[in-house]
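Numbering (the working numbering), first residue to last: 451 to 604.
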């Protein structure tokens, strides 16, 4: 029961920034509900994968690929560009906390001096943020790589 409540909570609070960023990007009003569903679907799938032990980087890659696939389907169905649905939907998965912790550690190294703990914190959080951002980019590019190729995959 707590998994279901946590999932619903996660999906609800992921849909809000997806719609907010869709408004910033001037997405048509008819597409806002699809941005909300895409954001909730992506963040919810990442939440489920992480709940079952998948690292956040791989869970983000799978969730971004899912958002990209659904965005391609919606774009073909509603005659719009896939980025209308996908870009705002992946914004809730951007690793702001990890990037913030890495920057704080860097500032503390600058002001307090070098320490192994601060360096480890900066590198751990920075590399994690980098891999999550790469997973988002690769996941969004995956449908284009798989479906819109001019040459065969094999």
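Backbone N, C-alpha and C fix where the C-beta goes; we use that ideal spot for every residue, glycine too.
Asked: Can you find a CB in chain B that lies within less than 8 angstroms of the CB of residue 546?; Found: In the displayed structure, chain B is absent; only one protein chain is listed.
Asked: Determine the DSSP secondary structure at residue 529, reduced to helix, strand or coil.; Found: coil
Asked: Closest by CA to residue 548, which one among 502, 479 and 574?; Found: 574
Asked: Quick check on residue 534: does DSSP put it in helix, strand or coil?; Found: helix
Asked: DSSP three-state label for residue 475, please.; Found: coil
Asked: The alpha helix (DSSP H) that contains residue 578, what's its start and end?; Found: 566-597
Asked: Which residue's Cα is closest to the Cα of residue 486: 560, 497 and 472?; Found: 472
Asked: Quick one: what does DSSP say residue 503 is sitting in, helix, strand or coil?; Found: coil
Asked: Check residue 542 in the structure and name its three-state DSSP category.; Found: helix
Asked: Taking the beta carbon of residue 525 as the centre, do at least 16 other beta carbons fall within 10 Å, making it buried, or is it exposed?; Found: buried
Asked: Buried or exposed for residue 468, going by 16 or more other Cβ atoms inside 10 Å?; Found: buried
Asked: What's the C-alpha gap between residue 583 and residue 534?; Found: 19 angstroms
Asked: If the criterion is Cβ atoms closer than 8 angstroms, does the pair residue 607 and residue 518 meet it?; Found: Outside the displayed range of the chain (451 to 604) lies residue 607, so it cannot be described from this structure.
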